[in-house]
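Novice:
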Amino acid sequence: MNASFAFTRRRVLIGAGAGLVAPGIVATPLPALAQQPQGAVIDITRARTDPIPIAIPDLAGDSRGRDIARVIQNNLRNCGLFRPVDRQAFIQTPESAAQTPRFQDWRVIGAQALVTGRVIDQGGQLRVEFRLWDVLPEQQLQGTAFTAPAANWRRIAHLISDVIYERLLGEKGYFDTRVVYVAETGPRDRRVRRLAIMDQDGENHRMLTDGRFAALTPRFHPSAERIAFMSYQDRGQPRVVLFDIGSGRQQVLGNFPGMTLSPRFSPDGRSVVMSATRGGDANIFIVNLGGGERQLTSGGGLDVSPCFSPDGSQIVFNSDRGGDQQLYVMDAGGGNIRRISFGNGRYATPVWSPRGDLIAFTRMGRGGFAIGVMRPDGSGERILSEGWAMEGPTFAPNGRVLMFFRESRATDSRGGGYSSRIVSIDIAGFNERPVPTPTDASDPAWSPLLS
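In case it helps, mature numbering (1 follows the signal peptide of the UniProt record, and there is no 0) puts the sequence shown at residues -34 to -1, 1 to 417.
1. Quick check on residue 99: does DSSP put it in helix, strand or coil?
2. Taking the alpha-carbon of residue 407 as reference, which of 415, 394, 416, 390 has the nearest alpha-carbon?
3. At the level of alpha carbons, what is the spacing between residue 355 and residue 345?
4. Which of the three DSSP states, helix, strand or coil, is assigned to residue 126?
5. Using the rule of at least 16 other Cβ atoms within 10 Å of the residue's Cβ for burial, across every protein chain shown, is residue 142 buried or exposed?
6. If you run the structure through DSSP and keep just helix, strand and coil, what is residue 398?
7. What does a CB cutoff of less than 6 Å around residue 26 pick up in its chain, not counting 5 residues either side in sequence?
8. Within 10 angstroms of its Cβ, does residue 115 collect 16 or more other Cβ (buried), or is it exposed?
9. Quick one: Cα of residue 339 to Cα of residue 228, how far?
10. Tell me whether residue 114 sits in a helix, a strand or coil according to DSSP, three-state version.
11. Along the chain, where does the alpha helix (DSSP H) that runs through residue 44 open and close?
12. Which same chain residues, not among the five before or five after residue 139, have their C-beta less than 7 Å away from its C-beta?
13. Quick check on the DSSP output: the alpha helix (DSSP H) that includes residue 71 runs from which residue to which?
14. Given a cut-off of 8 Å on the beta-carbon distance, is the pair residue 219 and residue 247 in contact?
15. Can you tell me which residues form a DSSP beta bridge with residue 254?
16. Helix, strand or coil: which one does DSSP assign to residue 140?
17. For residue 279, count the other beta carbons within 10 Å of its own beta carbon; 16 or more makes it buried, fewer makes it exposed. Which is it?
18. From this set, 412, 400, 396, 274, which residue's C-alpha is nearest residue 16's C-alpha?
19. Counting C-beta neighbours from all protein chains within 10 Å, is the total for residue 277 16 or more, i.e. buried, or is it exposed?
20. What residues are listed by DSSP as bridge partners for residue 338?
21. Compare the beta carbon distance of residue 310 and residue 331 with 8 Å and say whether it is the shorter of the two.
22. With a threshold of 6 Å on Cβ separation, who are the neighbours of residue 401 within its own chain once the five nearest residues in sequence on each side are excluded?
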């Protein structure tokens, strides 16, 4: 990769002028120390095969500058599109680089992008100054100062990572996000399943429920402040429950005689689409959060796992109405139902990409399980990963990465040795990697960007 970096004229995460980018975090532009170029960005397809070499020394000043730099480095490395330069090769010190980069020192070690900065402790508040440089033409791409409570240093690192991703690749990042999931403990036949939440990089885990009642299929509200999930708290009857992350308050959604399951919020956050059982059938309903419900499907069979398109005009779901479990798309009002999956096997857990261009799914067949994507009309089906048991894809908010969970085979007749782990993978099918969790984990759901 020989070309220097540049960026388009599109507004990025941190634009001109001071602004509140997250609760308690203020971003202000730094004066440019060199010419800021305009032009094309590095194509993501190119970065997949030739990751961008980027140098990320510790930020100068306060000791937390080292921690912030490490989080940025891990974020960029883990996405598979950047190659952080070995720190042992650095020639210029972080303090000196924060004042004026000696670009020849960075060119000679192969860096094409450089991150410099400084952390200043302002008595409980941190001011984090950050600059991104294009090493070859010696140009500054970005300069921003973040001011936030010291406890928010990891959020600042994720915000900086998002700026770097967008400046160099031309698309929104996904690092300042969280993932809600089901934390699992105990043997397979007596599994305890609690609702849990973490940062997208597997840090800051927190249990949201106590495990007295099993929790399954959590999904974020567009505000990232609420979660809808399936709980067994109502006398062992599965019911969709709304959970407020801030207060911990829980509320059963709707008034249905049978069980309710597989919820997802509408893009505007005003309603939930889900399935409800009546007799031997399961049909899809929309429940308005302000009150009222509407049935969208009817007839024999099980219609489950509905998910809105990003513009709210369509819903994808899986159903056995044709005799086998397949994917269908319908208009948001319930009309114009058409089948879109025609491969070998059964299809389940569809989820629409935030970009609107793909639907991810689980496919089950004689050879095991697979996670794949297809276009909304069913064309272009691609399998990203295959294995003994995997399920539950969820998209990052930029639509470039998926998470899902993968189960291992039990090693004995009582289920001993069973485990379930979350993994992430690029939508091109490369860079599959585990996401660390303190317990077994399943049913991940990615939040929108928090800022």
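C-beta atoms are modelled at their ideal positions from N, C-alpha and C, and glycine is treated no differently.
Specialist: Looking at the coordinates:
1. In this structure, DSSP gives residue 99 an extended state, which the three-state scheme calls strand.
2. When each option's Cα is compared against that of residue 407, the closest is 390.
3. If you take the alpha carbons of residue 355 and residue 345, they lie about 25 Å apart.
4. The DSSP-derived three-state label of residue 126 is helix.
5. Buried is the call here.
6. The DSSP-derived three-state label of residue 398 is coil.
7. Counting only Cβ-Cβ distances below 6 Å, and skipping sequence neighbours, we find 60, 61, 64, 84.
8. It counts as exposed.
9. Going from the Cα of residue 339 to the Cα of residue 228 covers about 20 Å.
10. Correct three-state label for residue 114: strand.
11. 30 to 44 is the extent of the alpha helix (DSSP H) around residue 44.
12. Cβ neighbours of residue 139 within its own chain (closer than 7 Å, five residues either side excluded): 127, 128, 131, 132, 364.
13. If you look at residue 71, you'll find it in the alpha helix (DSSP H) that goes 69 to 73.
14. No, the pair does not count as a contact, with Cβ atoms beyond the cut-off.
15. Secondary-structure assignment with DSSP links residue 254 through a beta bridge to 237.
16. In this structure, residue 140 counts as coil in the three-state DSSP scheme.
17. It counts as exposed.
18. Nearest of 412, 400, 396, 274 to residue 16, Cα basis: 396.
19. Exposed.
20. Per the DSSP secondary-structure output, residue 338 pairs in a beta bridge with 327, 349.
21. Closer than 8 Å, so yes.
22. Answer for residue 401: 168, 388, 390, listed in chain order.
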